[in-house]
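Trainee:
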Amino acid sequence: MGNCIKVLSEEKQRIAEEARQAASEIIQDAIDKKCYGLPVTYSNTCSDPVDSYTFCCIPTKEFLQDLLAKLSEARFMEDKKPGKCDTFAYVIPQNKDVIIYLCKQFWKAGDTLCEDSKPGTLIHEVSHLLGTEDIFYEHMTVELYEAYGILMGKSKCVKDLHGKGHREEVFQVNANSLEHEFETIINHKGAYSDGKYQCCGETKKNSVCTHNSADHYGLHERFPSQRDEMQRKLEKFWQEASARLNQKQKIKYVKKKNKACEKIPVSEA
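Numbering (the UniProt record's numbering), first residue to last: 1 to 269.
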């Protein structure tokens, strides 16, 4: 264990476990409320969407279940000197030990679900252990709408850190898109007071809200051909993700404030 990698203090272990509990309850509530589906592709349009479905990504039920299981396995360690002061946390997916390394920004993050929160950070990091990538950080959304039986869509040009353009499927495999789906799209819009959220009446504090923003999870049922096309587009990615998880070269996925995560090759001691 490096000089900067430390076992958590009793107080920080308590904070980390509370964040794990919050994230676990949020993911389970998303499963219970059917905040999942199958991703769909769409025809691009320049027109402004009407009565649109807006989202960051559409996780599958199986992915959320795997996310919950992997989160329960994880151990926490602290890296006191990760190299940059704006670091929240990082993981090394190729390691057999399931460890989330927590850093300075994590302890400053919000305890309840909000942008760059503790629960959202854990969801982000654990998703890397299942094969998600870091392609972009920006809070980018997809807007879909139906026109004459066709699923139309509008999204900004997605470019990675190297300037390479990507199509709509990257929203499904980008770790920040998953985090933003939880932290902004299905997060509660109202305050929690008098034992419930004012937006929907939900009494569980660690939960998601389907009051205004969950219809996109059912699009695959109405557009099976777009669902099948997206599955074909994503098949190659998940094959590559599986290969990355099993490769000899270890990669550190570092979540940083307001930036796409940095991917750093790990040198063997």
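Ideal placement from N, C-alpha and C gives every residue a C-beta, glycine not left out.
Nothing here was measured: the structure is a model prediction, and the numbers come from that model.
Which word fits Val266, buried or exposed, when buried means at least 16 other C-beta atoms lie within 10 angstroms of its C-beta?
Mentor: Exposed.
Trainee: Which residues bound the alpha helix (DSSP H) around Pro119?
Mentor: Looking at the DSSP string, the run of the alpha helix (DSSP H) that includes Pro119 is 118-129.
Trainee: For Ala19 and Lys108, which I take to be in contact (beta-carbon distance under 8 angstroms), what is that distance rounded to the nearest angstrom?
Mentor: Wrong, their Cβ atoms sit about 12 angstroms apart, outside the cutoff.
Trainee: Residue 308 to Glu268, Cα distance in whole Å?
Mentor: The structure shown has nothing for residue 308, since the chain only spans 1 to 269.
Trainee: Within its chain, find whatever has a CB closer than 6 angstroms to the CB of Met1; leave out the 5 residues flanking it on each side and keep chain order.
Mentor: Unreliable positioning characterises Met1 in this predicted model, as indicated by a pLDDT of 46, which lies under 50. The coordinate reading is nonetheless provided below. Hits under 6 angstroms: none found.
Trainee: With a floor of 4 residues, list each alpha helix (DSSP H) that falls wholly inside the region 44-91, ordered by position along the chain.
Mentor: Here the runs fully enclosed are 61-73.
Trainee: Kindly indicate which residue of Tyr90, Thr60, Glu62, Tyr101 has the alpha-carbon position closest to the one of Asp134.
Mentor: Per the Cα distances, Tyr90.
Trainee: For Tyr192, write down the residues that DSSP places opposite it in a beta bridge.
Mentor: The partner list for Tyr192 (beta bridge, DSSP) reads Tyr197.
Trainee: Cβ atoms of Lys255 and His124: under 7 angstroms apart, would you say?
Mentor: Yes, they are a contact pair.
Trainee: Assign Asn258 to buried or exposed, taking buried as 16 or more other Cβ atoms, counted over all protein chains shown, within 10 Å of its Cβ.
Mentor: So Asn258 ends up on the exposed side.
Trainee: Using alpha carbons as the reference points, say which of Trp238, Ile185, Lys189, Lys196 lies closest to Tyr36.
Mentor: Nearest C-alpha to Tyr36: Ile185.
Trainee: Would you please state the rounded distance, in angstroms, between the beta carbons of Leu113 and Gly120? I believe it to be under 8 angstroms.
Mentor: 6 angstroms between Cβ atoms; contact.
Trainee: Could you tell me how far apart the beta carbons of Thr41 and Glu168 are, in whole angstroms, since I believe they sit closer than 8 angstroms?
Mentor: Thr41 to Glu168, Cβ: 6 angstroms. Contact.
Trainee: What does DSSP give as the partner residue(s) for Met152 in the beta ladder?
Mentor: DSSP output for Met152 lists Ser43, Tyr145 as bridge partner(s).
Trainee: Could you tell me the boundaries of the alpha helix (DSSP H) in which Leu178 lies?
Mentor: That run of the alpha helix (DSSP H) goes 175-180.
Trainee: Would DSSP call Val266 helix, strand or coil?
Mentor: Residue state, collapsed to three classes: coil.
Trainee: Would Cys85 and Glu181 be called neighbours here (beta carbons separated by less than 7 angstroms)?
Mentor: No, they are not a contact pair.
Trainee: According to the neighbour-count rule (16 or more other Cβ atoms, all chains shown, within 10 Å of its Cβ), is Lys252 buried or exposed?
Mentor: By the neighbour-count rule (16 or more Cβ atoms within 10 Å), Lys252 is buried.
Trainee: What number of angstroms, rounded off, separates the C-alpha of Lys248 from the C-alpha of Ile264?
Mentor: Cα to Cα, the separation comes out at about 14 angstroms.
Trainee: Could you say which of Pro93, Leu8, Tyr217 lies nearest to Ala241 if we only look at CA atoms?
Mentor: Closest option to Ala241, Cα to Cα, is Pro93.
Trainee: What number of angstroms, rounded off, separates the C-alpha of Val98 from the C-alpha of Arg75?
Mentor: Distance between the alpha carbons of Val98 and Arg75: 6 angstroms.
Trainee: Can you tell me whether Pro224 is buried or exposed, with buried defined as 16 or more other CB within 10 angstroms of its CB?
Mentor: Exposed, by the Cβ-count rule.
Trainee: By alpha-carbon positions, which one of Glu73, Glu179, Ala243, Phe136 ends up nearest to Asp116?
Mentor: Closest by alpha carbon: Glu179.
Trainee: For the alpha helix (DSSP H) that contains Ile26, what are its first and last residues?
Mentor: Note, Ile26: alpha helix (DSSP H), 10-32.
Trainee: Whole angstroms is fine: what's the gap from Thr87's alpha carbon to Cys103's?
Mentor: When rounded, the distance between both Cα atoms is 6 angstroms.
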